[in-house]
Amino acid sequence: MATVSTAAVRLTELVKRYSSTIAEELGISYQASKILFYLFEQRVHQNNPDHSAYDIYKGLLSQAKSRLPLFPKGEQITEKNVEKAIGDLFACDLVRRSSGKRKRKASGRPAKYLYALKNSQDIMKVIERRMREKKRNIFEVFVSLSEIEEAAGLGQLKEVL
Numbered sequence: 018m019a020t021v022s023t024a025a026v027r028l029t030e031l032v033k034r035y036s037s038t039i040a041e042e043l044g045i046s047y048q049a050s051k052i053l054f055y056l057f058e059q060r061v062h063q064n065n066p067d068h069s070a071y072d073i074y075k076g077l078l079s080q081a082k083s084r085l086p087l088f089p090k091g092e093q094i095t096e097k098n099v100e101k102a103i104g105d106l107f108a109c110d111l112v113r114r115s116s117g118k119r120k121r122k123a124s125g126r127p128a129k130y131l132y133a134l135k136n137s138q139d140i141m142k143v144i145e146r147r148m149r150e151k152k153r154n155i156f157e158v159f160v161s162l163s164e165i166e167e168a169a170g171l172g173q174l175k176e177v178l
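Read left to right, the sequence shown gives residues 18 to 178 (the working numbering).
Structure, rendered in C-alpha cells:
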C-alpha cells in the first residue's frame, strides 16, 4: 500500500483551513483559490509549473477522485469555471501567463496560454501592495467625510467631547 507524504497531508490541511479565507480576502472565487493551491502542489511536489487551462481542468477532476483529495467537495468543476478562475488569478497578478508554444505529449490543439503560479514570496508582495492600496483608498474616503463633517461644524463636537 502506498503511503501519503507528510507534505501532501499538510497541504491538504492548509487547503481545508485557508482556501475560503484566501478567496474572501483576495476577492477571488473559491474555485480560483482551489486552483492556486493545485498549481502550488504541481509546482512544488510534481516539479511541473506550467499548465494550460485544460490541463488544470483535468488535474482538478483527477484530484477530486483521489483517495486524498486536495480539496473538499464543492462547486462543480467545469472547463468554463476553471477558465474564469484562472482569469481571476491572472487579473490579481498571482499567476504568470506565457504563450503556449511548447511541444505537446499528446495530439490535439496546442494550448493558447500556459499558466504558472508565482512563488510564495512574490505573491506575498502582491498581496501586501494590494492591501496598502485598499487601506489608502478607505482612508481617503474617511478623510473626505471628515472634511465634510468639519465644514458642517461637526468637527468641533469631537474636540468638545
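Idealized CB from N, CA, C, for every residue including glycine.
Residue i, DSSP secondary structure in three states
| i | result |
| --- | --- |
| Leu-78 | helix |
| Leu-178 | With a pLDDT of only 43 at Leu-178, under 50, the local geometry of the prediction cannot be trusted, and the value read off the model is given with reservation. Leu-178: coil per DSSP, three-state reduction. |
Start and end residues, alpha helix (DSSP H) containing residue i
| i | result |
| --- | --- |
| Ser-137 | 137-168 |
Beta-bridge pairing of residue i - partner residues as DSSP gives them
| i | result |
| --- | --- |
| His-62 | Answer is none; His-62 lacks a bridge partner. |
| Val-99 | In the DSSP output, where bridge partners are listed per residue, Val-99 has none listed. |
Residue range of the beta strand (DSSP E) that includes residue i
| i | result |
| --- | --- |
| Ala-133 | 130-134 |
| Ser-116 | 112-116 |
Among the options, nearest to residue i - alpha-carbon criterion
| i | options | result |
| --- | --- | --- |
| Cys-109 | Ala-49, Asn-98, Leu-56 | Ala-49 |
| Glu-150 | Val-32, Lys-33, Leu-43, Asn-98 | Leu-43 |
| Leu-28 | Ile-45, Gln-59, Tyr-47, Ser-46 | Gln-59 |
| Ala-70 | Gln-63, Leu-78, Val-26 | Leu-78 |
| Leu-106 | Gln-93, Val-32, Val-143, Ser-83 | Val-143 |
| Lys-75 | Glu-164, Ile-94, Ser-46 | Ile-94 |
Any non-hydrogen atom of the ligand PLP within 7 Å of residue i CB
| i | result |
| --- | --- |
| Ala-133 | The ligand PLP is not among the ligands present in this structure, which contains no ligands whatsoever. |
Stretch pair the region 147-161 + the region 128-136: three plus CB contacts closer than 8 Å: no
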